[in-house]
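**Q** The structure that follows is given in the form of structure tokens.
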Amino acid sequence: MLSHPRKQQQGIAVSILINLYKNKYKKIETIAIGDSPNDIPMLERVDYPVIVQKHNGSYDSKIKIPR
């Protein structure tokens, strides 16, 4: 996965990858997995965002992905 410390970079990287795959395969379905607020831009751009639990079993309450 392409990554960078700045929050928006994951989202930009995912958008680039989605566009590259759509150019080749036309119809694709996308998924991203995240566990913290810095993953939000990436999670917002995919078809199936997955929020995983922290090591203590909780979820980060700051992550809200509207659908």
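Numbering (the working numbering), first residue to last: 73 to 139.
All C-beta atoms, glycine included, are put in the ideal place defined by N, C-alpha and C.
Do you know offhand how far K94's Cα is from P113's?
**A** Taking the sequence shown and counting its residues from 1, one reaches residue 94 at position 22. Taking the sequence shown and counting its residues from 1, one reaches residue 113 at position 41. Approximately 19 Å, taken between the alpha carbons.
**Q** Give the range of the alpha helix (DSSP H) segment to which P113 is assigned.
**A** As a first step, residue 113 is located in the sequence shown; it is residue number 41 there, counting from the start. That run of the alpha helix (DSSP H) goes I112 to E116.
**Q** Among T102, E101, D132 and I103, which one has its Cα closest to the Cα of T109?
**A** Residue numbering aside, residue 109 sits at position 37 when the sequence shown is read from its first letter. The sequence shown places Pro at residue 109, rather than the Thr named in the question. Nearest C-alpha to P109: D132.
**Q** So what does V86 bridge to, in DSSP terms?
**A** Counting from one through the sequence shown, the residue named residue 86 turns up at place 14. Answer by DSSP bridge pairing: none, since V86 is not bridged.
**Q** So does N128 have its beta carbon nearer than 7 Å to some heavy atom of the ligand HEM?
**A** With respect to the ligand HEM, the structure offers nothing, as it holds no ligand at all.
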